[in-house]
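Remember, this note's numbering sits 118 above the position in the sequence shown when you count from 1. First the structure, in the form of C-alpha cells, and then the observations on it.
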Amino acid sequence: MTNAPAGQEPIITTFVTIHTFVWTCSSIIILTAVLSPNVQRLPTWINLNLSWIIACFVYAFLLTTGQLYKANPSPNICLFQGATVNALPPLVAGTTLALALQLWLNVCPLPAKRIYTISPRHRDLILIVFPYVVPLIEFFSSFGYAVRHPEQATLTNSGMFCGLKHSLPGKISTIYSALLVIPTVFVEGMISQHIYRNWYKPSNKNGRDAFAMMIRFALFTLFGIVGVIVSVLNLTIEADSAVVNILESLPPMSFVFIFGLQEDLVQVWLSWRQKPREKSTQTFSMYSTETA
119 MTNAPAGQEP IITTFVTIHT FVWTCSSIII LTAVLSPNVQ RLPTWINLNL
169 SWIIACFVYA FLLTTGQLYK ANPSPNICLF QGATVNALPP LVAGTTLALA
219 LQLWLNVCPL PAKRIYTISP RHRDLILIVF PYVVPLIEFF SSFGYAVRHP
269 EQATLTNSGM FCGLKHSLPG KISTIYSALL VIPTVFVEGM ISQHIYRNWY
319 KPSNKNGRDA FAMMIRFALF TLFGIVGVIV SVLNLTIEAD SAVVNILESL
369 PPMSFVFIFG LQEDLVQVWL SWRQKPREKS TQTFSMYSTE TA
C-alpha cells in the first residue's frame, strides 16, 4: 500500500522509471565523453550532465533503496531525500546557465573577451563551482531543519518521493530556478544571433554544425522552461502533483535524447576500436574550450 491516491502505482512506476533511465544513460554519456579521445565536451557540459545524474538518482532514490510503494519509507532515507529534492532544481538551472555562459564566452568576438581580467581556466572553474553554491546552502539548511524536526520529512501525496511538509524551501527553489532561466534564454539568444551572422552558411559545415548545436540547446532550454512554468503554476493553483512531477521529468528526458544521441557519441558506442580522429585547428567547436 502506498501513501498516494489509489490507482497511482502505474504513474509512480513511470516517474521512477524515467529518472532511473535518465541517470543511467547520463552516466554512460559522461563516461564516454570523459574516456573517449574522439569526444570533446566543455567542462560545463560535463557538469550539466553530472547535475542530471545527481537529480535523477535522488528522485529515484526510493526505488534504489527498496522503499518505493511503502506507506512509511525508512525515516533516514526519507529525511535525506526530503532535504535534497528542493536543492535539485536550482542545481540544474545553475549548471544550464553556466553552460550557456561558457558557450557565449567561447563564441563572442575577441575584443569583448579582453574585458575579463581572469584567466580562462579560473573563469571555467567559477562556472563549474558557482552553480553548486545555492543548492548546497539549501540542502544543508533543509537537512538541518529536517534533523531538528524529523516529522517534516514525509512521503509526498504523489507517493513518488519524500519531501518536507514546510512549503517555503520548495517555493524558494522554484522561484530561484525560474529567475535563472531568464539570463539563460537571453544569453542563448545572443549566441544564436552571433553564430547565425558570423558562422552560418549553407555551404559551411562548421557553421551548420554550430547552428545545429544551438538548436539542440534551444530545444533543451525550451523543455526546461516548460518544467519551470509547471513548477510555478503548481505553487499558485491546485494541481495533481503526480502529473506535475511527470511533466517536470521532460527536461532530463530531453537532455538524454537531444545531447546523448549525437554522432560522435554514437560512433564511440558502435566501435570502441575506432581510431581517434585528429582535432582540426581550422574548425569551430561548440565543445572545446577554444575556437579557431
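Note that beta-carbon positions come from the ideal geometry of N, C-alpha and C, so glycine has one too.
For residue i, the residue or residues it bridges with in DSSP
i, result
"residue 281", "272"
For residue i, the three-state DSSP class (helix, strand or coil)
i, result
"residue 386", "helix"
"residue 158", "coil"
"residue 153", "helix"
"residue 314", "helix"
"residue 186", "coil"
"residue 336", "helix"
"residue 255", "helix"
"residue 412", "With the chain represented from 119 up to 410, any question about residue 412 goes unanswered, as that position is not in the structure."
"residue 330", "helix"
"residue 173", "helix"
"residue 168", "helix"
"residue 181", "helix"
"residue 379", "coil"
Range of the contiguous alpha helix (DSSP H) that encloses residue i
i, result
"residue 201", "193–202"
"residue 212", "206–225"
"residue 267", "Looking at the DSSP string, residue 267 is not in any alpha helix (DSSP H), and its letter there is neither H nor E."
"residue 245", "238–247"
Counted within 10 angstroms of its Cβ, other Cβ atoms place residue i as buried (16 or more) or exposed
i, result
"residue 140", "buried"
"residue 267", "exposed"
"residue 127", "exposed"
"residue 170", "buried"
"residue 387", "exposed"
"residue 210", "buried"
"residue 236", "exposed"
"residue 370", "buried"
"residue 300", "exposed"
"residue 239", "exposed"
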